[in-house]
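Only one structure is covered here, and it is reproduced in the block below.
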Amino acid sequence: MNDNDFPWKVSRVIVPFLVYFLITIIVQVIVGSVLMFDELKSIRDAGYDTTFYLMDNLDAVIKENAVLMTLITSFVMIFVSYIMMYTDKLYRDIEPFNFSGYGTLCILGITGALGISRLVGILPLDNIIGSYAETQSLISRSPIPVQILTLVFVTPIMEELFFRGVIYNRIKKYSDVIWASILTSLLFGIYHMNLVQGVYAFIMGILMCAAYYRHKSILAPMFLHICANGTAFIMSINPVSKAISRSLLTNIPVMLLEMGIFTICVLYFFGVFEKKENVQEQKGSESDEYKDI
Numbered sequence: 204m205n206d207n208d209f210p211w212k213v214s215r216v217i218v219p220f221l222v223y224f225l226i227t228i229i230v231q232v233i234v235g236s237v238l239m240f241d242e243l244k245s246i247r248d249a250g251y252d253t254t255f256y257l258m259d260n261l262d263a264v265i266k267e268n269a270v271l272m273t274l275i276t277s278f279v280m281i282f283v284s285y286i287m288m289y290t291d292k293l294y295r296d297i298e299p300f301n302f303s304g305y306g307t308l309c310i311l312g313i314t315g316a317l318g319i320s321r322l323v324g325i326l327p328l329d330n331i332i333g334s335y336a337e338t339q340s341l342i343s344r345s346p347i348p349v350q351i352l353t354l355v356f357v358t359p360i361m362e363e364l365f366f367r368g369v370i371y372n373r374i375k376k377y378s379d380v381i382w383a384s385i386l387t388s389l390l391f392g393i394y395h396m397n398l399v400q401g402v403y404a405f406i407m408g409i410l411m412c413a414a415y416y417r418h419k420s421i422l423a424p425m426f427l428h429i430c431a432n433g434t435a436f437i438m439s440i441n442p443v444s445k446a447i448s449r450s451l452l453t454n455i456p457v458m459l460l461e462m463g464i465f466t467i468c469v470l471y472f473f474g475v476f477e478k479k480e481n482v483q484e485q486k487g488s489e490s491d492e493y494k495d496i
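Residues in the sequence shown are numbered from 204 upward in steps of one, following this note's numbering.
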């Protein structure tokens, strides 16, 4: 198939998502059946058809064990995404782990999670498309250690391999870095299935693409993502953060402060201050040259 063929380009981006959704369904059916094994066995022993019981009750089991389902799906998708990157020969573009600049990524992830999550929480976005409150309710049903393992570590690793490692690189092959970053981040937002997380994921997705581009390593956006998710998780269980969010009188000033710090971190990350210093140094050197003349 010709790489310039438009249907082929589209299929290269769509197929990974189809694989992801297929794996998600398979995991839900298998894990749901295992969790319902005792009930299904009793029904089968009683001479009833287990198919209808499974179909009627599977959705409730999936919701009750949503984080566990996500954990298992993420583990599978880590290997699938790596295989996709390997077949795309993207492993050649991954540089060894380098600690230089990772402090900035950590601060960027923390301030982004604080500022952006509080901003989208204030805006009247929930229930317009999907329900973030319902998502939070499903997550809270799982034990805290399972939540930490899944949401702070495993899922960010999977999402970076999948979105930045596979989707971003495939789009970049047919366009440029800017369009690849925008489209990948848009897909990353849609993937979260609700507007609150979607807006947050789009903004953070842009930063993760920038981190990948700048550091030339998939480990960079992974690290940023883990820092952001870890911060968001702490905020979700921290009574101080919850108390701040209850009133606009406290929530808005804190949000403005957090967004201000986040903006400074973003400007620093993109080298705005460094560029200004370089320009001033160049002007200074030019004036010295004129003095010598």
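Beta carbons: idealized from backbone N, C-alpha and C, even for Gly.
Among residues of its own chain, excluding the 5 on either side of residue i, which ones have a beta-carbon nearer than 6 Å to its beta-carbon?
i      : result
PHE514 : No answer is possible for residue 514: the residues shown for the chain start at 204 and end at 496.
GLY318 : GLU461, MET462 and PHE465
PHE220 : none
SER277 : VAL357, THR358 and MET361
GLU492 : At GLU492 the pLDDT is 45, less than 50, meaning the model places this residue with poor confidence and gives no usable figure here.
GLY401 : GLY392 and HIS395
LYS375 : ALA383
For the alpha helix (DSSP H) containing residue i, name the first residue and the last one.
i      : result
VAL237 : 209–238
THR273 : 269–290
LYS445 : 442–448
THR353 : Taken as a continuous stretch (DSSP letters only), THR353 belongs to no alpha helix (DSSP H), as it is neither H nor E.
MET411 : 398–418
GLU337 : 335–343
LEU390 : 380–394
GLY306 : 305–325
Return the CA-CA distance between residue i and residue j, expressed in angstroms with no decimal places.
i      : j      : result
LYS479 : VAL218 : Summary for LYS479: the model assigns pLDDT 49, below 50, so the residue's position carries little reliability; its value from the coordinates is reported in the next sentence. Going by the C-alpha atoms only, they are around 44 Å apart.
ILE325 : ARG247 : 50 Å
MET361 : TYR377 : 23 Å
TRP382 : ASP262 : 37 Å
LEU341 : GLU267 : 7 Å
VAL399 : THR227 : 22 Å
ILE467 : SER388 : 22 Å
VAL443 : ARG321 : 13 Å
THR290 : ILE440 : 41 Å
ILE406 : ILE385 : 9 Å
SER158 : VAL355 : The structure shown does not extend to residue 158, since the chain is modelled only from 204 through 496, so no value can be given for it.
VAL270 : LYS445 : 22 Å
ASP259 : PHE224 : 21 Å
VAL323 : ASP241 : 43 Å
VAL222 : LEU451 : 43 Å
TYR371 : ASP208 : 18 Å
SER214 : LEU459 : 42 Å
Whose C-beta lies closer than 7 Å to the C-beta of residue i among residues of the same chain, with five residues either side of it excluded?
i      : result
PRO210 : none
ILE310 : CYS468
SER284 : MET361, LEU364, PHE365, GLY368 and VAL369
ILE447 : THR453, ASN454 and VAL457
VAL380 : TYR416
ILE429 : VAL355, PHE356 and PRO359
MET425 : PRO359, ILE360 and GLU363
Beta carbon of residue i, beta carbon of residue j: below 8 Å?
i      : j      : result
GLY312 : LEU422 : no
LEU274 : VAL357 : yes
LEU238 : VAL264 : yes
GLY315 : LEU257 : no
GLY368 : MET280 : no
ARG373 : VAL230 : no
GLY333 : ASN432 : no
HIS418 : GLY306 : no
GLN339 : PHE436 : no
MET272 : VAL232 : no
With a CB to CB cut of under 8 Å and the five nearest residues on each side skipped, what residues in its chain are close to residue i?
i      : result
ALA336 : ASP329 and ASN330
LEU352 : LEU274
PHE473 : ALA413
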